[in-house]
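Engineer:
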Amino acid sequence: MQSVDDATRTNKLRRTVRRIIVANNLSALRRRGEDFPLTDVCGGHQPSSKNSANSSHEVLDQRLAKFISEKLLEKRCLAFQRGTCLNSNQCFFCKKPSEMHEISEPSNASAAYKYEPAKVFGRLKFAGRYARTASFVRFAFDGNIETKDAPKNALTLLCDYWRAPKPEVVLSVIGGYHNIRMSKEMQRKIVHESIMNVIDSTNGWLITTGNNSGIAEVIAKAVAERQAMRLKNGDKGQIVCIGVAPWGNIEKRDEIERAVCASEERIPRVIYGKTEANSHTGHRARNFGVLKVRQSVLNADHTHFLLVDNGAQREYAEPAAIEFRADLEKELTNNGATVITVLIEGGPTTVEQAFASVARGIPLIVLAGTGKVAKLIATLKYCYDECENK
Numbered sequence: 001m002q003s004v005d006d007a008t009r010t011n012k013l014r015r016t017v018r019r020i021i022v023a024n025n026l027s028a029l030r031r032r033g034e035d036f037p038l039t040d041v042c043g044g045h046q047p048s049s050k051n052s053a054n055s056s057h058e059v060l061d062q063r064l065a066k067f068i069s070e071k072l073l074e075k076r077c078l079a080f081q082r083g084t085c086l087n088s089n090q091c092f093f094c095k096k097p098s099e100m101h102e103i104s105e106p107s108n109a110s111a112a113y114k115y116e117p118a119k120v121f122g123r124l125k126f127a128g129r130y131a132r133t134a135s136f137v138r139f140a141f142d143g144n145i146e147t148k149d150a151p152k153n154a155l156t157l158l159c160d161y162w163r164a165p166k167p168e169v170v171l172s173v174i175g176g177y178h179n180i181r182m183s184k185e186m187q188r189k190i191v192h193e194s195i196m197n198v199i200d201s202t203n204g205w206l207i208t209t210g211n212n213s214g215i216a217e218v219i220a221k222a223v224a225e226r227q228a229m230r231l232k233n234g235d236k237g238q239i240v241c242i243g244v245a246p247w248g249n250i251e252k253r254d255e256i257e258r259a260v261c262a263s264e265e266r267i268p269r270v271i272y273g274k275t276e277a278n279s280h281t282g283h284r285a286r287n288f289g290v291l292k293v294r295q296s297v298l299n300a301d302h303t304h305f306l307l308v309d310n311g312a313q314r315e316y317a318e319p320a321a322i323e324f325r326a327d328l329e330k331e332l333t334n335n336g337a338t339v340i341t342v343l344i345e346g347g348p349t350t351v352e353q354a355f356a357s358v359a360r361g362i363p364l365i366v367l368a369g370t371g372k373v374a375k376l377i378a379t380l381k382y383c384y385d386e387c388e389n390k
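The sequence shown begins at 1 in the UniProt record's numbering and counts up by one.
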């Protein structure tokens, strides 16, 4: 149930959006259900109603599809391995049925995979009154030599094919997956003002985990608010907000894959509708025997999603996304961007994310006043410095 403050804020945002739509003569587009004509940093070209642009869009889409299939891979499970439940038709490793494997029953308990050109990519269209669209791609990254160039190729995809403007500054924000305990006032000062002012003044990028809860959701709300301010001032350029998420941990991932495979479009458009997860928590726990499983709902206010697949599911999918994100940060640094990791609150996974970034030489800012892991790390550093100075 929404609080009075949340309901008031939601109504205020709706009124603001309506005023922006009217001010820009976009009411007709809204009635027809068409996307707002922002500068398209998601799809590889800028929108145009001219017929002459169609051929150029087709060429750009063709180049995009060719690049992804040549430079990024996907990981396919070959050997079906039955789990502890003998009656189950789900593979223990990839959770797909036996008929989707080349080998029905392997003789040992090790997974057998092969790499193929990436096929699951396109545009996610989020359900809702004000439909938003984000580019996405699923690709393999698992520590093997075949996938080691994925961070470099993903950056090329972002800049050269999805045409995100090259950033001066990248803020990679890490924190907890669950509800934030920070006060609304602190959220506004840290995220809506400080972080977003840096992004606005430097043509910067934001990187989050892409899920619809925790610190990623707070960042996304700030992006939506700042985007509305830009539109009101006549600036149609989108704020680049990239979600790096583990494919094996995403709610409705099978539906996304099936929709892409069934599409006849070169760049498939997939509707990412309401999910089984609660829209307010976005990161839901389920019980599978004794194992608690968490799956993420993707957030609608991101412009791009890099969906990292190591062939594992649920919590076993997380480490690959953490390593890929840190490698992407390093690749951005190598290309001249100033990359800073910002830690707000946080949980157990946040420690791994922070360590991965620091190990690659990425500066880490810990906002100790936000509590949880941020406070713990700040306290430990203080104690360490005290011991060193004795």
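Ideal Cβ placement from N, Cα and C applies to all residues, glycine included.
Please go through the stretch 303 to 363 and give each complete beta strand (DSSP E) segment of 3 or more residues, from N-terminal end onward.
Structural biologist: Within the stretch 303 to 363, the complete beta strand (DSSP E) runs of at least 3 residues are 304 to 309 and 338 to 344.
Engineer: With H, G and I counted as helix, E and B as strand and the rest as coil, what does DSSP make of residue 401?
Structural biologist: Residue 401 cannot be examined here, being either before or after the span of the chain that is shown, 1 to 390.
Engineer: Is Ile267 near the ligand GTP, going by C-beta to nearest heavy atom under 7 Å?
Structural biologist: In terms of ligand content, the structure shown is empty, and the ligand GTP therefore cannot be addressed.
Engineer: Per the contact definition of three or more C-beta pairs closer than 8 Å, is the stretch 220 to 230 in contact with the stretch 257 to 271?
Structural biologist: With the cut-off at 8 Å, the stretch 257 to 271 and the stretch 220 to 230 do not touch.
Engineer: With distance defined between alpha-carbon atoms, name the residue in Asp385, Thr349, Ala374 and Cys387 nearest to Met182.
Structural biologist: The candidate whose alpha carbon is nearest that of Met182 is Ala374.
Engineer: In the DSSP output, which residue or residues are listed as bridge partners for Val137?
Structural biologist: Per DSSP, Phe121 and Leu306.
Engineer: Within its chain, find whatever has a CB closer than 8 Å to the CB of Thr275; leave out the 5 residues flanking it on each side and keep chain order.
Structural biologist: For Thr275, the predicted structure reports a pLDDT of 49, less than 50, and the residue's modelled location is therefore unreliable. The matter cannot be settled from this model.
Engineer: What is the residue span of the beta strand (DSSP E) that Thr202 lies within?
Structural biologist: Note, Thr202: premise wrong, no beta strand (DSSP E); alpha helix (DSSP H) at Met196 to Thr202.
Engineer: Less than 8 Å between the beta carbons of Gly347 and Lys372, yes or no?
Structural biologist: The answer is yes: Cβ separation under 8 Å.
Engineer: On the DSSP letters alone, give me the boundaries of the alpha helix (DSSP H) that Ile242 sits inside.
Structural biologist: Segment Val240 to Pro246 is the beta strand (DSSP E) holding Ile242; no alpha helix (DSSP H) there.
Engineer: Kindly list the residues whose CB is nearer than 8 Å to the CB of Gln62, restricted to its own chain and excluding five residues on each side of it in sequence; keep chain order.
Structural biologist: Only Arg266 meet the Cβ criterion.
Engineer: Near Glu58, what residues of its chain come up, given a Cβ to Cβ distance below 8 Å and the 5 sequence neighbours on each side ignored?
Structural biologist: So the list reads Arg266, once near-sequence residues are dropped.
Engineer: Identify, in the order they occur along the chain, each residue of the same chain with its Cβ nearer than 7 Å to the Cβ of Glu352, setting aside the five sequence neighbours on each side.
Structural biologist: Same-chain partners within the cutoff: Ile322.
Engineer: Can you check DSSP and say which residues form a bridge with Gly143?
Structural biologist: BP columns for Gly143 are empty, so no partner.
Engineer: When DSSP labels each residue in this structure, what does Leu73 get in the three-state scheme?
Structural biologist: In the structure shown, Leu73 sits in a strand (DSSP, three-state: E or B).
Engineer: Within the same chain, show all residues whose beta-carbon is closer than 7 Å to that of Cys383, passing over the 5 residues directly before and after it, in chain order.
Structural biologist: Excluding positions up to five away in sequence, the list is empty.
Engineer: Just to confirm before moving on: does the CB-CB distance between Gly273 and Gly243 stay below 8 Å?
Structural biologist: In this structure, Gly243 does not lie closer than 8 Å to Gly273 by Cβ.
Engineer: Short of 7 Å in beta carbon distance, which residues of its chain neighbour Glu388, apart from the five on each side in sequence? Order them along the chain.
Structural biologist: Contacts found: none.
Engineer: I'd like to know if the stretch 334 to 344 and the stretch 304 to 322 are in contact, where contact means that at least 3 CB-CB pairs between them fall below 8 Å.
Structural biologist: No, the stretch 334 to 344 does not touch the stretch 304 to 322.
Engineer: Apart from the five residues on each side of it in sequence, which residues of its chain come closer than 8 Å, Cβ to Cβ, to Leu78?
Structural biologist: Excluding sequence neighbours, Leu78 sits near His101, Glu102, Ile103, Ala112, Tyr113 and Lys114.
Engineer: Is the separation between the beta-carbon of Gly248 and that of Gln313 shorter than 8 Å?
Structural biologist: Yes, Cβ-Cβ distance for Gly248 and Gln313 is below 8 Å.
Engineer: How big is the Cα-Cα spacing for Ile377 and Gly175?
Structural biologist: Cα to Cα, the separation comes out at about 13 Å.
Engineer: Is it true that the CB of Leu60 sits closer than 8 Å to the CB of Phe139?
Structural biologist: Contact flag unset, no.
Engineer: What residue does the alpha helix (DSSP H) around Ile207 start on, and which one ends it?
Structural biologist: Segment Trp205 to Thr208 is the beta strand (DSSP E) holding Ile207; no alpha helix (DSSP H) there.
Engineer: Less than 8 Å between the beta carbons of Val169 and Ala354, yes or no?
Structural biologist: It is not a contact, given that the beta carbons lie outside the stated cut-off.
Engineer: Go through its chain and collect everything with a Cβ distance to Thr379's Cβ below 7 Å, but skip five positions before and after it.
Structural biologist: Cβ within range, chain order: n/a, list empty.
Engineer: Which class does Gly371 belong to by DSSP, given the choice of helix, strand or coil?
Structural biologist: Gly371 falls in the coil class under three-state DSSP.
Engineer: What would DSSP say about Ala259, mapped onto helix, strand or coil?
Structural biologist: Ala259: helix per DSSP, three-state reduction.
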